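What follows is a single structure, written as structure tokens, with notes after it.
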Amino acid sequence: MASDSAALERVLAGLDAEQQRVVTAPAGPVCVLAGAGTGKTRAITHRIAYRSLRGQIRPEHVLAVTFTARAAGELRDRLAKLGVPGVQARTFHAAAARQLRYFAPRLLDGRPLPEVVETKARFVTQAAAKVGLRSADRDLARDLASEIEWAKATLVQPEGYAEAAARAGREPPLEAETVAAVYAEYERVKSAAGVMDFEDLLRGAIWAIEEHPDVAAQIRAQYRHFVVDEYQDVNPVQQRLLEAWLGQRRDITVVGDASQTIYSFTGASSRYLLEFPRRYPDAVVVRLTRDYRSTPEVVELANTVISASRGPEARVRLALTGQRPSGPPPIVRTFPDEPAEAAAVAAQCATLVAQGRPPSQIAVLFRTNAQSAIYEEALADAGVPYVVRGAERFFDRPEVRRAMTAIRAAVASTDPAVPLPEAVIGALRAVGWHPDQPASGGAARESWEALAALVRLADDFVAASEAAESAGVAGASPGSWGTPLERFHAELLRRAAAQHVPTLEGVTLASLHAAKGLEWDVVFLVGLVDGTIPVSYARTLANVEEERRLLYVGITRAREVLWLSWAAARSPGGRQRRPCRFLPMLDPSFTRRTPAAVGETGGKRGRSVRGLRMMSCRVCGTTLTDGVARKLGRCVDCPSDIDEELYDRLRRWRARVAGEQRVPAYVVFTDATLTALAERRPERTEELVAIPGIGPRKLEQYGDAVLALIQGADPDDL
Ligand code: ATP
Ligand code: MG
């Protein structure tokens, strides 16, 4: 394999010193812990390219695991452009499915792999009926399915469900024993129907490797170097599969950002990422803090929102510093109702597109998929093309299927000397496509955009073939057989099999979950209403914190322009709602309450204004002026996340001490101080003195006892 120095230079160029450390680290465990937009995905992509070009690894021995099929496709594209095609980039599910399918004839005595069902709803409803639940409505069925999914993802069997759910602080929709019974029955009806669910795929792949040494040997001979992107959102079953793949190997690179953990409700945990350096004490650990994606204005807001978080990521959080030139401040808008909000967003999109901004560089992001419809309608009315993420499988669209048939048919009749993009356009003319955009919007425009995307893919395919040729990566060049059109058709078939969808020229409509890892010049974060984000069923502190991280993910998708909006009512004249609590600047009264608004929230505690120490609500970030609120460290009406059990022990201890000293209880500590202690759970002396009501004297008298209680001591033992 040629280690072409120009290609190598290209791989190292455009990386800072820390990123280069990731790229050039020797074989072995590597862990990148870094915030959004710091170039984690870029670093792992370049690491694979660098090592391939240096001849240290062969691209076909790499398994890169990404979170979505789209991310896998982008990673492959980026590698192809760096001259390294042929790397397997897949989601855990896709990789497991592929391996199981391959080995099924051997493992299942010639029987094919059972069909994989995408939703659990049907079998959950049947199972619920079998255990005697008379009517499992859609919401209950969905909640039961979530519990089953969580249990399976965390490797919990029906008989262990009740205990595990209690330990994890789940809030099952029914008694835990009933959920366990539905879970057991679900497994029975599902296997009677001869199908598998997504978790079965992962478990099947684990079983294939763990129980079959020949399968393990073959897989481990194929995959020798592992890379996992978005590792903060790995769940126990995925982790076990990763370990099965690895066997005794140690060549693994993981990258992630604990502040972007947004799937813990399904069993994912940032623990694997955070504990990686402990599991591999010799790991090269790199932290990145330069945000190359977003303007400093966007970065500042992102830092503000996440700095108030109290999730496990708080331990490792590093503030980001924006590297891009300054841009416009985030736009904050309040609307009377949702149709007005959607119309304004669509009008703004139309203006941007008219000014020359490519629609594919704009995204409208929301918390729940149900919010999509109103934006689809508003954008269609405004004549703006759009694409709904994950709504339709690109390669299943009838016009795309017809186009692929036409390309196949054109192979024989096309002169191989005709440049590929031209040949593709020629083939598409046969199905009525023309390079000029149609004037209308709607469905016709969507079809046109889909085929235009195929033409752009042809351009990319040419560029990737040229890059591979100039890098001289042995055996990886796609350009070694057939005519260009024939090879392009094969590439389309491969993409269709991998659901590797091309970028469509339209404004992206996506949920915040689906936006993970992606970026756009302009991002509209819409529907920022309390009850939507945080979603109403996020009741525990852990769930609320996950919602905050979700918002952080949304904010950090924007490169340049960020729009934040909410509507006071769903429909005109409807019930009035409150804006998202994580963004106090959305509240129209906020500027009056706190003159410096956005700039003063979070991250800047401890400054003195008019002799009063500046303090921000740790739930929503609002500056606190009210005395009680300042004692609590949060707005009075922000949700309390008190540890009831600790509060109870503190009270018992206080009663005993007050009794011994013959003073009223409040002389020891007031209720507000106990509340603050049970909410904030300080672990060190410095944190203790930040609690209102604990001065030097109290610290000396009671500091050790309080810290011991927080550590779990029994009041009677102190
Ligand atoms: P996320 O946490 O959202 O997944 P990330 O850490 O994976 O983000 P990337 O997507 O790799 O970040 O990079 C963010 C953006 O910054 C991309 O547009 C990337 O091309 C760009 N970028 C990364 N590193 C550099 C660099 N050293 N110089 C210039 N641009 C960079
Ligand atoms: Mg990334």
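Using the working numbering, the first residue of the sequence shown is number 308, and each one after it goes up by one. Glycine residues also receive a C-beta, built at the ideal position from the N, C-alpha and C atoms. Remember, predicted model here, so these are calculated numbers, not experimental data.
Margin query: Can you list, in chain order, the residues of its chain with a C-beta nearer than 7 Å to that of valine 593? Leave out the 5 residues immediately preceding and following it.
Written below: Glu325, Arg328, Val329, Val339
Next item on the list: Please specify which runs of the alpha helix (DSSP H), each continuous and at least 4 residues long, are wholly inside the stretch 589-623, giving them in chain order.
Entry: 603-614
Check: What is the DSSP secondary structure of arginine 845, counted as helix, strand or coil?
Finding: Checking the displayed sequence, the identity of residue 845 turns out to be alanine instead of arginine. Reduced to three states, the DSSP call for alanine 845 is coil.
Item checked: Exposed unless 16 or more other CB atoms sit within 10 angstroms - verdict on isoleucine 1017 -> buried
Next item on the list: To the nearest angstrom, report how far apart glycine 563 and aspartate 384 are at their CA atoms.
Entry: Their Cα atoms are separated by approximately 21 Å.
Next item on the list: Starting from arginine 640, follow the beta strand (DSSP E) in both directions and report where the run begins and ends.
Entry: 638-644
Note to self: Checking the sheet assignment: what are the DSSP bridge partners for glycine 563?
What the structure shows: According to DSSP, glycine 563 bridges with Leu340.
Check: Could you check where the alpha helix (DSSP H) with serine 312 kicks off and where it finishes?
Finding: 312-319
Notebook entry, point to check: Which partner residues of threonine 815 appear in the DSSP bridge assignment?
Noted result: Residue pairing by DSSP puts threonine 815 in a beta bridge opposite Ala670, Val694.
Check: Can you tell which of Pro728, Asp828, Ile714, Gly690 has the C-alpha that lies nearest to the C-alpha of arginine 664?
Finding: Asp828
Margin query: Using 8 Å for Cβ pairs, my map puts serine 566 next to glycine 342. What's the rounded Cβ distance?
Written below: 6 Å
Notebook entry, point to check: For the alpha helix (DSSP H) that contains glutamine 433, what are its first and last residues?
Noted result: 428-437
Check: Helix, strand or coil: how does DSSP classify glutamate 422 here?
Finding: Here glutamate 422 sits in strand by DSSP.
Notebook entry, point to check: Taking DSSP as the reference, what is the three-state secondary structure of glutamate 582?
Noted result: coil
Notebook entry, point to check: Three-state secondary structure (DSSP) at histidine 532?
Noted result: Under the three-state reduction of DSSP output, histidine 532 falls in the strand class.
Item checked: Per-residue DSSP class, three states only, for glycine 838 -> strand
Notebook entry, point to check: Can you tell me whether glycine 918 is buried or exposed, with buried defined as 16 or more other CB within 10 angstroms of its CB?
Noted result: The pLDDT assigned to glycine 918 is 33, lower than 50, so where the model puts this residue is not dependable; a value taken from the coordinates is nonetheless given after this. Answer is exposed; the Cβ neighbour count stays below 16.
Note to self: For glutamine 883, count the other beta carbons within 10 Å of its own beta carbon; 16 or more makes it buried, fewer makes it exposed. Which is it?
What the structure shows: exposed
Next item on the list: Have a look at threonine 908 and lysine 823 and give me their C-alpha separation to the nearest angstrom.
Entry: With a pLDDT of only 33 at threonine 908, under 50, the local geometry of the prediction cannot be trusted, and no value is derived from it.
Next item on the list: Compare the C-beta of proline 635 with all C-beta atoms of chain B and state if any pair is closer than 8 Å.
Entry: Included in the structure is just one protein chain, with no chain B present.
Note to self: What would DSSP say about leucine 871, mapped onto helix, strand or coil?
What the structure shows: In the structure shown, leucine 871 adopts extended strand secondary structure according to DSSP, grouped into three states.
Margin query: Taking a contact to mean a Cβ-Cβ separation below 8 Å, would you say leucine 869 touches proline 637 in this structure?
Written below: Going by C-beta atoms, leucine 869 is nearer than 8 Å to proline 637.
Checklist line | beta-carbon glycine 824 near ligand 2 non-hydrogen atom, thresh 7 Å | finding: yes
Next item on the list: Tell me whether aspartate 536 counts as near ligand 2, meaning its Cβ is closer than 7 Å to at least one heavy atom of that ligand.
Entry: yes
Item checked: isoleucine 681 and proline 646 closer than 8 Å at C-beta -> yes
Check: So what's leucine 447 in DSSP terms, helix, strand or just coil?
Finding: It is helical.
Checklist line | Chain-order list of residues whose beta-carbon lies under 7 Å from that of arginine 900 (same chain, five-residue window excluded) | finding: The pLDDT assigned to arginine 900 is 40, lower than 50, so where the model puts this residue is not dependable; a value taken from the coordinates is nonetheless given after this. No residues qualify anywhere along the chain.
Next item on the list: Determine the direct distance from the alpha carbon of serine 571 to that of alanine 875, and round the result to whole angstroms.
Entry: 30 Å
Next item on the list: Check whether the Cβ of alanine 341 lies closer than 7 Å to any heavy atom of ligand 1, and answer yes or no.
Entry: yes
Notebook entry, point to check: Between alanine 344 and glycine 629, what straight-line distance do the alpha-carbon atoms span, to the nearest angstrom?
Noted result: The amino acid occupying residue 344 in the given sequence is glycine; alanine does not appear at that position. Glycine 344 and glycine 629: Cα-Cα distance of roughly 9 Å.
Checklist line | C-alpha gap between leucine 549 and phenylalanine 399, whole angstroms | finding: 9 Å
Margin query: Please classify proline 588 as buried or exposed, where buried requires at least 16 neighbouring CB atoms within 10 angstroms.
Written below: exposed
Notebook entry, point to check: Where does valine 1013 sit, in a helix, a strand or coil, going by DSSP?
Noted result: Valine 1013 falls in the helix class under three-state DSSP.
Notebook entry, point to check: Which residue spans inside the stretch 328-377 form an unbroken alpha helix (DSSP H) run of at least 4?
Noted result: 347-360
Item checked: Beta-carbon spacing of valine 534, threonine 568 below 8 Å -> Cβ distance not < 8 Å, so valine 534 and threonine 568 don't count as in contact.
Check: Using a Cβ-Cβ cut-off of 8 Å (strictly less than) and excluding sequence neighbours within five positions of threonine 721, which residues of its own chain qualify?
Finding: Once the five neighbours on either side are set aside, the close Cβ partners of threonine 721 are Ala730, Gly733, Ala734, Thr790, Leu792.
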